[in-house]
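Under my numbering, the first residue of the sequence shown is numbered 620, with each subsequent residue one higher. Glycine included, every Cβ here is placed at the ideal spot set by N, Cα and C. Structure, as C-alpha cells:
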Amino acid sequence: MTVIDVTDQDFDTEVLQRSHDVPVVVDFWAGWCQPCLRLAPILDKAAEKREGKVVLAKLDTDANPAVSERFGIQSLPTVKAFVNGEIAAEFLGAQPPSQVEAFMDGLVPSETQLLLDAGDEASLLRAVELEPANVDANFSLARLRYENGDAAGALEHLHNVTGNFCADGLAARIELEEEGGSEELQEAFEALDDNDVEDGLNKLLALLEGTDDETERERIRKVIVAILDELGVEHPLARESRRRLAAALY
C-alpha cells in the first residue's frame, strides 16, 4: 500500500512503527487549504512512482488535532518524512513536482537516480531510456562519451539538454574543437584538462577579448560561463573572472 489515511488513533502504528521498515511521508492537510489540494496529487504521483519503497500517509489536521498539536503543525500544508520513528526531513507549503521528487529521492532514490549514481555508460543509457529529457542523465552521458573520444555521440545527447550552463559549455567546446581552433585555444583547453582552471580561464578570457568573430566569441563565452557555474558564485576566481567577462562582452 503506497497511500494511506491515518488518524490520531493509529498514527503511532501506521507511521512511527511502519517507518522502521519503510520511509513514511506524512501529508498534514485540511479540506479548506487550497495549497494542500494542489500539493496532494503531486505527492500521490511521487509516492506511486516509488512502488511501495515509500508510504504516503495523509492526516486531516481538523479531524485529528492531537497529532497536529504533538508535532507543532502551525501552517498547511506541512510534510514530514519519518524514518526509524524519527523525523528525517520536512518542508512547508505547496512545492512544484521537481522539489517533491528531490525530497522523495532523499528518502528513496528513484531508479533513474540510482542509475545516475552508478555513472557507467550502460547505466546512463538506461536512465536516458527511462527519462529521455532528463538533464543530468543526458549531460553525464555526453561528458562520458566526450571523454572517451566520441564527440559526435556527446553532441547528440547535449541536444536533449536545455537551460544547463555546463551542457552549453561542453557543446560549445566540441564545436570549437571541430573547427580546429587556434593554438592559444588548444592551450586553454589543455590547461583546463590539467585542472589548471585559473590558467585556462585567463587564456579563454584573453581570446574572448581579442577576437571579433561573433560565433567564436559566443562559443568561448559559453565555455567560460560553464566553468564559472562549476566554480560557484563565492569562489574568488569566479568573481574576478565574471568581472573580466562582463568587461569583454559589454
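Should residue i be labelled buried (16 or more other beta-carbon atoms within 10 Å of its own) or exposed?
i	result
Y765	buried
Q732	buried
L871	This structure leaves residue 871 out entirely; the chain is present only between 620 and 869.
Q714	buried
S638	buried
L777	buried
Provide the residue span of the alpha helix (DSSP H) that contains residue i, from first to last.
i	result
K672	Unbroken run through K672: none, as it is neither H nor E.
D787	F784 to E797
E772	Note that residue 772 is Gly in the sequence shown here, rather than Glu. Counting along the chain, the alpha helix (DSSP H) containing G772 begins and ends at A770 to L777.
What is the residue span of the beta strand (DSSP E) that residue i lies within?
i	result
D739	Run containing D739: none; DSSP gives neither H nor E here.
D755	From DSSP, D755 is part of no beta strand (DSSP E) but of the alpha helix (DSSP H) over V754 to E766.
V645	V643 to W648
D624	V622 to D624
Our contact map puts residue i next to residue j with C-beta atoms below 8 Å; I'd like the distance itself, whole angstroms only.
i	j	result
D787	K841	5 Å
K677	F690	Not really, about 14 Å apart at Cβ, beyond 8 Å.
L864	L824	7 Å
F722	A707	About 11 Å; that fails the 8 Å criterion.
Which full runs of the alpha helix (DSSP H) of 4+ residues lie inside the stretch 813-857, going along the chain?
Here the runs fully enclosed are 816-829 and 833-850.
Runs of 3 residues minimum, wholly inside the stretch 668-720: which ones carry the beta strand (DSSP E) assignment?
674-679, 697-702 and 705-711
Are three or more beta carbon pairs between the stretch 738-749 and the stretch 677-697 nearer than 8 Å?
no
Contact the stretch 687-704 vs the stretch 642-652: 3+ CB pairs below 8 Å:
yes
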